[in-house]
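So for the sequence shown, UniProt numbering puts the first residue at 1; every next one is plus one.
Each residue gets a CB set at the ideal place from its N, CA and C atoms; glycine is no exception.
Contents: one structure, followed by commentary.
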Amino acid sequence: MNAFWNQYQQNQVNQAPPEQILIMLYDAAIRHTVRAIKGLANRDMVAKAEGISKAMHIITTFSDTLDHQIGGEIAENLDALYNFMVRELSRANLNNDPAPLKNVESLLRELRATWTEAIEAYQQQQAEKRAERAGKNAAAGYAQMMP
Numbered sequence: 001m002n003a004f005w006n007q008y009q010q011n012q013v014n015q016a017p018p019e020q021i022l023i024m025l026y027d028a029a030i031r032h033t034v035r036a037i038k039g040l041a042n043r044d045m046v047a048k049a050e051g052i053s054k055a056m057h058i059i060t061t062f063s064d065t066l067d068h069q070i071g072g073e074i075a076e077n078l079d080a081l082y083n084f085m086v087r088e089l090s091r092a093n094l095n096n097d098p099a100p101l102k103n104v105e106s107l108l109r110e111l112r113a114t115w116t117e118a119i120e121a122y123q124q125q126q127a128e129k130r131a132e133r134a135g136k137n138a139a140a141g142y143a144q145m146m147p
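See below:
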């Protein structure tokens with residue numbers, strides 16, 4: 001059953017547009033951070049370590065894939081925020097302290113919400129442009145049919 005689930009998840013990722021993959025990665029980073037928080041609370045150091053490691057890997061990937069030339073100041077600010085989160089995860093791991101993990105979880109949730117809003121606004125804008133083009137094309141076609 002697990003193999004089928006893994007294949008299903010892989011297919012979901014392979015077929016997803018980039019913006020959906022970004023949200024999936026935020027969801028995974030949040031899930032791993034929560035796992036680390038629960039691991040600390042339950043004194044399950046394996047769950048804590050795995051959660052921190054996986055969250056750190058995702059956040060580092062976010063940082064590594066920023067395009068500073070295109071993103072400018074926004075990319076710089078995101079990079080600083082991602083680096084802060086990695087330091088917080090390291091601090092939580094070193095000190096077995098849930099507070100930095102909760103900070104990271106909160107930041108990840110805020111960033112996910114912001115990206116979701118930005119994606120929805122962009123998709124709405126694109127839909128409006130398509131509708132406008134379709135309207136112009138229909139009007140042009142109708143005008144050609146007129147004597």
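Backbone secondary structure at residue i - three-state DSSP
i: ARG91; result: helix
i: ALA16; result: coil
i: THR65; result: coil
i: ASN103; result: helix
i: ASN96; result: coil
i: ASN42; result: coil
Residue i versus residue j: straight-line alpha-carbon distance, rounded
i: SER33; j: HIS68; result: Note that residue 33 is Thr in the sequence shown here, rather than Ser. Cα to Cα, the separation comes out at about 27 Å.
i: ASN73; j: THR61; result: Note that residue 73 corresponds to Glu in the displayed sequence, not to Asn. One C-alpha to the other measures close to 19 Å.
i: LEU107; j: ALA36; result: 15 Å
i: ARG130; j: MET24; result: 27 Å
i: GLY71; j: TYR26; result: 19 Å
i: PRO18; j: ASN93; result: 31 Å
i: ASP97; j: ARG91; result: 8 Å
i: THR116; j: ALA99; result: 26 Å
i: GLU88; j: LEU101; result: 7 Å
i: ARG133; j: TYR122; result: 17 Å
Buried or exposed by the 16-neighbour rule on C-beta atoms within 10 Å, applied to residue i
i: GLU76; result: exposed
Cut-off 8 Å between Cβ atoms - residues of its own chain near residue i, not counting five sequence neighbours on either side
i: GLU105; result: ILE30, THR33, VAL34, ILE37
Close beta carbons around residue i, own chain, < 6 Å, minus the five adjacent residues each side
i: residue 148; result: Examination of residue 148 is not possible in this model, given that the chain is present from 1 through 147 alone.
i: ASP79; result: SER63, LEU66
i: THR119; result: Looking at the sequence provided, one finds Ile at residue 119 rather than Thr. Taken in chain order, the residues that qualify are GLU19.
Residues near residue i in its chain [Cβ-Cβ closer than 7 Å; skip 5 each side]
i: MET85; result: ILE59, VAL104, LEU107
**Request:** Would you check if the region 41-50 and the region 107-115 touch, i.e. whether three or more CB-CB distances between them fall below 8 Å?
**Result:** no
**Request:** Would you be able to state if there are at least three C-beta pairs under 8 Å between the region 44-59 and the region 20-34?
**Result:** yes
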